[in-house]
Structure formats: structure tokens, C-alpha cells
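Reading through the C-alpha cells given below for one structure.
Here's what the structure looks like:
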């Protein structure tokens, strides 16, 4: 049991705070003899990196990852996993020097400030400490390793709603995701979001978002009934991302409104005798086990609690105060959750591939 | 790691199939010197038991629980936990004798039939085997033990939507939950549901539902940042229930549409210097840690896949077939998920109470 | 984490007390499509069963095992594992009715009585409760399942010392193990032990023993460096058996007296290019990973603390008392540890076979 | 489950190879608000550091530890744990540049070279890679943190045998342990060891050792019956140290030769009504639970396999070769195992203190 580890056979442990010297991760259980380059991990990190548009925090972190163990390096830089734990480290660079004495004593409404103090009686108040979204960089790095275990699986995330703006699914274009700063697959909605988020940003406010992750090409048979359900682990993985308040698989909450006739995905035999599903309400998971269809999960990210408008709160002495958070922050922290969501799904699938192979040999 | 265990310090392991001789559970890690009676567990089971109205499967299972270990029994029947594992057993009684050869070879659309065969190459096809909702009886029994660890916490669940019918929250009355067969807190909606579900039932169809669980009185400080988040564990717990496709905490998916101003729960100092929250969008969890407010979670249950209308499918030989499921089944399996949801929340909270005490002494 | 589970991918959870209604186990993670018969498990239990000679406790337990889940039964009784948890149950039959009020209040020196009360503030004092060797029946049952995962591995245990009597290894004959009531591989030593243990038994005393377990045919590559060492898990498994106070692998403690020249097992290439080891000081494990040689472990069992001679002790009120244990007990509890040791080694190896396959596909 | 983690509530994960850029550890689950200084960890590391006498490898590693997370630092350098994971890092400095192509292809008898290749099909052959004793530095660093959880427990280790030389227990003096390079508590034996090990060292040979660890002041009640036995976890912890081949608790293997009368530790009531034990054959653990007496464990370390004398072996191509290991190495790797043994016992006890508090509140 660990409060800071995720997964079983493919197991990720992270450490580090927003304003400490470094953040890091240990990826344990990775199969041996997988090859990759440091740039593969760095490229994944670069997608998540803040400060790439005016819509994310202006903190400048190069997020240069160091790979400390678990690989053999060839002369040309090709890395081969050895099966031993892969240590990953990123130095924090842009911890802006400032006086935290005010934040240290008062609690931002909607923020973990207050619960950390309630639980531990102490916390690293600098930049949110452990509760900072900075930790998600290590998830992305670990996710890049997880993808090595899934060579035939394509895992992609997109932002499907920002505040009141929802995408039109008929315009979905995966190529569009890389063309706008929102990971939005709908070019029309992306334009609307740009104007909308500029308004939010300028007013010092923030807004939530819904993200969708799709894993295409995952084999059938991953997961297990009851407490090892693939969707149970996906739910835990996505809910563990900062600010996430809801997770659904396939039709999700909409399935509650359907009849059995409308919800069940019918099948016909494919040329190989295996089932061809005629729809995917299940989101690729039946009874906790993958069907071989695309695995589809969505998660809701709440608006960040760091806003300019003063809110009523208390301080550590128990006195009423008004709190207003100045300085750099993400107006929609959900944007950068796209690569993080992908990484978490990759970690869950890598774990289940190894678990499935362990039990069944398959 | 276990595919059939849940929790860490308060740890539940279940076994058993729908049509095998028995189902059972082991509750490990329960604190010593807690007292209860066998009837406390039985009463919880009786709330979940099928066959109590025309709206649940007509399978007649008395679900009489036997407590095999982990307790000392006084002459008056009072049981005291000893700290050793509590073994729980329920004999299956009403496994209706019938020929399963047809179901054994063809797959119900929307059912785990096909994925079990894909994963294991074999399955217990009788009554759904391990994927049957029958397993949830053991969760309810374990939940009754978990509640002993939470003497000051009230955990209640209610059905808040059935198919197209949603409750009106202004009519919410917890007492109403026990007065209708749907665990519905809104008497008006309950009446509508009765007529609606009669229609569904008579046509051999099925429908989904949304359930809400509330835990009132849980202490602040439960949970942990990152991968030990209380809401992450709640999500995993609720998603592990059969047929659940979505989970949300507090405002949940609706939070994605809010601004930071609207989403953050403001605070004022209470008489004891502790925060009094002025709203509960967070559902009682901030940064993965409980705030001391009511913990609120919702989950969506899909319609059961056992329906009368023939659906296109294939059989184990890879041939196209049409499948229609005759015989007893639940027209809305979500109804009986209310006690199950309560039990899972109780297990998660009991686990986190012990984990919190372990790390902090609190 | 569980106090009453063992293993990771092949995971055994047990419950039950000496004088409760039943003892049981859940074997989780077993691969699907393995076939066996109930008699295979029963035969393993029969080897451990007490009351088969005058040298074990006269408690009469048929130890009839019921297989409650996780298998499909064919008409001829052949069982096929389905990959779901296997529930195993044995009813206690011969809980001799007696007044335990004396034992309930005073502590047997050398027994867990006192530490249970120190830890839990309550215990099931009837027959030792959870600390009774009765629990080991479930290990043996689980071990019979574990052997299904290891079709080419022969796991055998023998008693190599009883009190002052050690076997002569030059007389080692595995066939002899089944010909005497001590699992002793040396017929001459077995004769000596018979006379020796009769004396111990008649005087109401008890004596310790050393057991050796050998697993022949286990593949190379099982285990992992550092905390997943195969010998680390073997040590934990064997030390978890009641009354065990020492564990060693291969040359064990004797290796401390050797030089590097004498300790290292030299190799020569076999016909298949794989190493042929010229000795086995390592006991089949190097750097935590199996070499493909026979895996050899030994463990020391202390004498049972239930003896007739009065010993100085205290009671629960803190008063000095003298304690003498009358009634049936094992004069050398180490005898029946042979099948238990085999079972634990089988469980560890089955777990590591699945773990190795999970990580490496091998 | 993790191959590179140890403990449950107090959980240590390590990574890193002998000749990679760094080794590191994550200590998860540490209670909040414990205070220490970086020097406390460094001092522990300095005791284990190689190159301090002619009897350990001449590799020069300053082993300067960096504390990357999980603490708040006051202006005077005092560190306070925050309850979040503590990241620890040590850069490797003295990876002597040399051509490893020879070692990469041939296997040292008695070394993990061959099993790593058998398991993973690849390994980091530089300096032993992950199997190097260098990893134990991180255990010592983690152990220093663990001791914070155990303010009233004194944990000390001593070398009680080196090759054929055993100490005389009547001369045991803990102060002596720091006065000789062997952690030997017997000044006379220490002198003998000096001459003996000089001979071993000069001949390029190596020799084994036996270490004893004692934890004084640990509370009663730590551990759990069956698979959570304190001695089971101690056995796993000590067996997980490189080159360890045997572990025993209290009288250990000698208990097998005793009668029940001689083995059981009698009790008398102390002034506080609690038991005073009249002996400690049990090594402070009865039925898997601590008694409050000193916890005593011993472990056997085999001689290192890196020796000058050529030994018969094979290479990766399957050809017969003779292998001789030149260069720096430890003639008795058991010497430096003393601080490592202490650290592992500290980690186990810290874990069990938290586990006990979690379940019982005690």
C-alpha cells in the first residue's frame, strides 16, 4: 500500500513538491529489453509543459528529465530497459522567490490548503506543495515508459468541453488537437474557447473542463471481474489527477437514461470468428474486461481555486479573512490535463497487460 | 495485489459465483473489541435481498449469513471482534435447475459473457457466474462490519434517477427512501417510477439509474494527496460495482461548467475556530482529503443486459445468433445498488480511518 | 496489505480459529483452465492431518475440504479453474467441549497468549484461537492448488533433525519419508526418533525440529533483485509458519564460515549451452533469482509451549501463577510442518512463476 | 506489489545501479511533524560508507545524500516531515572507468550475473548493476528516517562471526563495536579478525560473516498472527540484503534442539502488572507479535563471489571459461552489513508501529 504509488505490476511512485528542489518518479516492473530514447520521454513532457501559450501558467519550467537507472545506454543514445526500476528526475527551476507568509497562514477556498493542515498539521505551502499540478509531469514521464509496453495501442486525449462550451462531435478531428492550445478536436469550438478563455483569464477567474481519452488497439481480455475491473482502475487513475471530480466510461452517466435495448452493443462475427461490435456504448469494457474495442473514458476537471476575486475564508488562527490569489496560474487547468489523462490510461493499460499475461500467459 | 480484494488496512476479499454452492467474504484488519450482533449484518443483507418487490429478480435467496471467525460470542449472542479475519459465508439456495447449454455457448450483448471467454477461455456461465450481482451481497455484509469502525458516521444512499425520470431535490426526504421499493427520496418521483418500471418490466426490457451516497459525520483529514486520494478510492469502489459506468464527487461533471468563483466553497470560522463551509460543491473532499463536510458521491448504473428483445450476437463457435434472455431478472438493477453503494463507501471510509490513524495517530 | 494474505499474483488469504465453526481460505489469481480433482486437495490435507500416529495431537479432525467457488465441475468430478477466486472451507469437528476459563486468564510461557492480549486486548483463547497450528491446514489446501501452476516441479519436505537427533545425509532416501511418522528421510534416525519422542511424549514435554524443503525442476529466472528476491519471499513464507524461528537457503548459516572459493558454485556449459552447476551451495538462488537448480530451504521449529511441567507465569490480572498444560497436544509440532513447508514453497513458486511471466512474458 | 519496495505503511522504494548516475529512494508514509537534520541521515550513511579501512572496497564514494522532498526546512536547517514522500538521492562519483566487455560476457560463479541474464535477457554488467551492495546505501538512508518513528527504540548491530572466528559472548561490549573496523563487540575476537582478514584480503579471497541486530525498547504488540508476523517481516527484510543466506530470531536454529521446558521464557509480574520475562529465547517475538523484550535477529552473509582465484564458469555464448575477478572489492562484505541490518530492522519496526496504530489505535 502506498499513498504515492499507482499500479501493481507496472508501478509508478512519485515524489516532490512544487517549490522543492526536484520532482521525481520510480517506474518499477517495466519489462526488460524495451528500447527508447530520452527524447521520447522529453517529447511527452514538452506537450504538458506550462508557459507554451497565454492560456497556461507563465511559470517557466524546461522540465528536462534525467533518467537515472533501469536502462543500458548504447553509444548512439538508444536506451534498453533492464527490468530494474527506472528512476526519473526533473529539477525545479522557476520557483519564483517570494514571500509565502500570507498564503502559509490562510486557506484558499476550494483548495487543498485547509485539508492538508487538517490532516498533517503542517504542509509545504510554497506553490501548493505536493498538491500542485506540477506532480503530473512525473505521470507524463511515466506514461511515456508505459507506452513502450503498448506498442500497438494509440492513446489520445482531447478536451471536449470548457465551461459552457461543448464541442460538436460531428466535427471531431484528431489532427486538430495539436493545432490549438486547448487539445480541442473541434476547430470551431476551439475558436470559441479562445475568446471565452481570454475573458476568463483577464478577469482573473478560472473555469472547468471535460476531457476524453481514447485507447485504440488495446487487446481484449485486460482487466478482471469485481475489484480488478479495468474500468475501476481507470476511474481511480483519472480521479487521482488534481482537480478531477468525475469519471465515466463509454456512455457513462448517459447509460443510466437508456433501456437495455439501446445500451447493449450488438455483435456480429468477424472474418476471424471474433466478435465485431456494432456500437461502443460500453466504452470498450464489459464486466470489467476489455472487449478489444476502443477504450473510452471521460473526466471532469473543476476550475482551479486560485482566482483573483476575493473569497471568504479563514486563516490558521481561526480568524475570518478574505483571500485573493494573485500571480501566475492556469485559467483552465483542464487544458494541460490532456497529456496527463493519456499518461494515466497508458499506465493502467500497461499494468493490466502485465497482469493479464501473468495470470493467463496471454 | 488481488483481483478480488478491496481496501488496504480494512481489507475485504470476496469469492463465489451466482450458482455455486456459496458466496463468501473475508474481512481482514478490523480493529479488535468492536461489538455487534449477527442481526446487524443480516439486517443489512435483508435490505439488498432480491424478491422483496415485483421490481427485483424473483430469485428467492434468504441470504442467511454465517460468521465463521474473527469474533468471540458471548452467551447472549453479542459478538466482539478479536482483530483476526472475519469469515462470512452465505449458502446459495435458489439456483434454479435448468439447462444452461444455450447460454453457455452464446453471448448476451452488453454482458460480460464474451469478455470472460476472451480472457479466461472458460467461464462459469450459470447465472452469470462471478459477474452476477449476487457477489454484492458480500459487499453489503462487509459494509455492515465497516460501519462498526465508523460509529459517528451516517451513510445513506438514494436513487436519484431511473431512466428518464429524475427526482426533484426540493422534495428530498430521507425517510421516504424506506417507503418505496426504489430507495427513492422523492415520493412524487417514486410514484412515477412505479408506473414507468412496470412498463419496462412487462415488456421484458430494462433501464439504468443514478444513485447518490452521502456520508455524514466523517472526520476531516481522511485520504491523502495523489494516489491515495479519498475520492480516488471512492471512485474505484463505486466503479467496481456491477454495471456502474460513471462516478462523480460533489458537483462532479457539473463542476466543469463552473467558474472558480462559483465552484469554490467559501469558509467562515466556526465557534471552535474550525472552518464552517458555506457550500459543498467539493462533496466533502478537497485535494483528496476529507473536509469534515458530508461526503457526497454519485454513480450511474447501466441497464442490465438480460432482456427479452432478441439482439444480434455471436456464439462461441463464431456464428451469428440472436439472443433473448428469458426468465427472472432485475428490470432496473440500479435499485438494489443503493445498499451496495452504501457498503462500498463504508468500506472506503473504514479503510481510510485506519490509514489516517496509522500515519498520523489521529 | 493484509495481515492474513500471502503472495501477490497467486494470493492466499486464510481465516478461522482452532475452535470456531470453520477455517477457510481464498486462493486468488489462479490461472484458468487448470484441471484437478477435489481428491488432490484432500490427499494433501490427509498428509498433514493430526491423529494419524501417537506422535501428533489426538484431536480427530477429518479435515474434509469443500471447494466453494472458482471451478467448473464436469459430470465425472473433474474440476477446471475459471480464473476467479477459489474458496476453500473446512468445518471444525472435534472442538472438545471444555472449560477454558482457566486458560483464558493465564498465559502459557512461550505461547502467543500473552502477546495477543497485549496487542488486541482480547483473544479467542479456545485452543489457541488464530495462533493454533490448525490454520496450517488451509495452507496445505492452497498449496495443492499452487502445485497445479507448477506441473514440472517436485516439491518435497523432510525432517532432518528432531531435538538432538540429526539425520545422516548419506542415508537420505526420499521414499523413506512416507514410511515413518516423522517425514524423516533416514531410516536409522527415524528409529532413534521414535524412541526419543516416546520419552518426550510420556513426560508431557515437547521438542523442536529442523525441516528441509526441496523444489526440483523450478525454472531459472524466478524472483527479482532486492525486495522481490525469491529467497526473501521463501524466508517470509517459512517464517510465517507457527513456531518457526529460523530459515536458511542452500548452505545457509554455514556459508558464513566459507571462503569465496568454497562457496561459489562453479559452472560448465551443458549441451544446450546453458550452465551446468557443479555444486549447489546457493540452494538454487543467486541474487534473488532462481538458477534452475533445486531450490533448497531449511527452517527451524521450536518446541511447542504446551507442556505438562509447571512453568512460572502470570495471569491477566497481573498475578503470578504456575501454568501447566494438560490435554492433547503435539510433542513435536515440527513433524506436521513438513507438508506445510512444502505448501508454502509451492505458493511462493506459483506466485513467482506468474510474476515472472507478467514482467518478462517468459 | 513491487519488486523494489519494502514495507506497507512505512514504505521504501529504491532505484539505481552501481555505475549509473545515481541511486535513490522514496520513503512514503512517514508521519508528519517529525524533525531531523540532513546530518542525521548523512551520519548513518557515513557508517556504511566504503573505503574507511583496508578491509572494505577502495571505491571512494562520499555518499552525500540530497533530500529532495517531503520536508520543510527551517532557516537553521531543521527539517520537519510533512507526511508526503521523502525523495532521497545520492550521486555516484567513483564509477571507475574501465572496459567491462569481459565481465559483460562471462559469469562470476556465485554471482547474480548469470541469473540476471537468465531472467531479463539483459543486465547492467557495470559493477554488478542493480545487484551491487551499493543499493544498500539507500536502505541506510531510509533507516535513518525510520528511526524518527521509533524515538525510544535503540537499534544496534554487531558482527558475531567472521569465517571460522566466533565472538565470545561473555566479552560482549557494545562500545567496542565502534572501536574496530568490523563492528565486532568482542575486542579479543576483533584482533583475531584483523589478522585473519588481512590474510584473506591479500590472497584475493573472501569470507562470510554472521551479524546480530538487537532492537531494545520496542513496544509490545507489534506484528500480527499468520502472514503479518513481525518475525516474518524481519526475515524478509534481512534476507533481502545482498548475500544473506539465513535468518533467525532469538534462539533461532538452536531452538530446534531444545525441549519445551528449556525454550519457553517464563514470566513473573512486574510492578506495573505487566509481565517480566525471565529469559529471551523468543527473541522478543511470540506468535508473530512483539513481547516488549529486546528483539533479536541474526543473519548469515555469504562470502562475496568476486575473488582472485580463477573459477570454472561459462560465458554468454555458452563456452567454458575461467573467471577471476581483479580490482577493488570487499573481502568480507558482511562487515558493512551491520548498518544495513540495523536499517532494515528500523524500517520493519517503523512499519509495524504504524500498522499497529492503524488497526488498534495503540
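Residue numbers (the numbering used here), protein chains in the order written: chain C, 151 to 512; chain D, 151 to 512; chain W, 151 to 512; chain S, 151 to 512.
Idealized CB from N, CA, C, for every residue including glycine.
Since this is a predicted model, take the numbers as computed values, not measurements.
In the three-state DSSP reduction, residue 351(D) falls in the helix class (H, G or I). For residue 306(C), the nearest beta carbon of chain W is not closer than 8 Å to its own beta carbon. Listed along chain W is no residue with a C-beta nearer than 9 Å to that of residue 220(C); the closest approach is about 11 Å. Setting aside the 5 residues that flank it on each side, residue 298(S) is surrounded in the same chain by 184 and 186, each with a C-beta closer than 6 Å to its C-beta; the list follows chain order. The three-state secondary structure of residue 416(D), taken from DSSP, is coil. At least one CB atom of chain D sits nearer than 8 Å to the CB of residue 171(W). Distances from the CA of residue 347(C) to each of 504(C), 265(C) and 481(C) were compared; the closest alpha carbon is that of 481(C).
Between the stretch 490-500 of chain S and the stretch 378-393 of chain S there are three or more C-beta pairs closer than 8 Å, enough to call the two in contact. Within chain W, 259, 260, 455 and 461 have C-beta atoms less than 7 Å from the C-beta of residue 414(S), given in sequence order. Following the DSSP letters along the chain, one finds residue 491(W) inside the alpha helix (DSSP H) bounded by residues 487-510. Closest in alpha carbon position to residue 296(W), among 264(W), 461(W), 499(W) and 175(W), is 499(W). If only uninterrupted alpha helix (DSSP H) runs of at least 4 residues are considered, those enclosed by the stretch 258-317 of chain W are 263-270 and 286-296. Residue 341(C) carries a helical assignment under DSSP once its states are collapsed to helix, strand and coil.
DSSP places residue 160(D) in the coil class of the three-state scheme, outside both helix and strand. In terms of beta-carbon proximity, residue 507(D) lines the interface with chain S, with at least one pair separated by less than 8 Å. Residues of chain C whose Cβ lies closer than 8 Å to the Cβ of residue 511(W) are, in chain order, 181 and 507. In the structure shown, residue 186(W) adopts extended strand secondary structure according to DSSP, grouped into three states. By the Cβ-count criterion, residue 228(W) is exposed, with fewer than 16 other Cβ atoms from all chains shown falling within 10 Å of its own Cβ. The Cβ-Cβ distance between residue 474(C) and residue 453(C) does not fall below 8 Å.
Shown here, residue 370(S) sits in coil according to DSSP, grouped into three states, outside any helix or strand. Classified as exposed, residue 318(W) has fewer than 16 neighbouring CB atoms from the shown chains inside 10 Å of its CB.
Counting C-beta pairs closer than 8 Å gives three or more between the stretch 258-270 of chain S and the stretch 461-472 of chain S, which meets the contact rule. Secondary structure at residue 226(D): coil, using DSSP grouped into helix, strand and coil. Residues of the stretch 368-380 of chain S that bring their beta carbon within less than 7 Å of a beta carbon in chain D comprise 375, in sequence order. Under a 10 Å Cβ-count criterion, residue 418(C) is classified as exposed, with fewer than 16 other Cβ atoms of the shown protein chains found around its own Cβ. Sequence-distant partners of residue 504(D) (beyond 5 residues in either direction) whose C-beta falls short of 6 Å from its own C-beta, in its chain, are 159 and 160.
Between residue 362(C) and residue 446(C), the beta carbon gap of about 7 Å places them in contact (Cβ cut-off 8 Å). Assigned with DSSP and collapsed to three states, residue 403(D) falls in helix. Approximately 5 Å separates the beta-carbon atoms of residue 215(W) and residue 291(W); this is inside 8 Å, confirming the contact. The distance from the Cβ of residue 235(C) to that of residue 176(C) is about 5 Å, consistent with a contact at the 8 Å cut-off.
Contact between residue 370(S) and residue 303(S) is absent: CB atoms are separated by about 12 Å, not below the 8 Å threshold. In the DSSP annotation of this structure, the continuous segment of the alpha helix (DSSP H) that includes residue 383(W) starts and ends at 380-389. As computed with DSSP, residue 231(D) is found in a beta bridge with 221(D). For residue 281(C) and residue 165(C), the gap between their C-alpha atoms comes out near 11 Å.
Checking the DSSP bridge columns, you'll see residue 333(D) has no partner listed.
Taking 8 Å as the threshold, the shortest C-beta distance from residue 233(W) to chain C falls below it.
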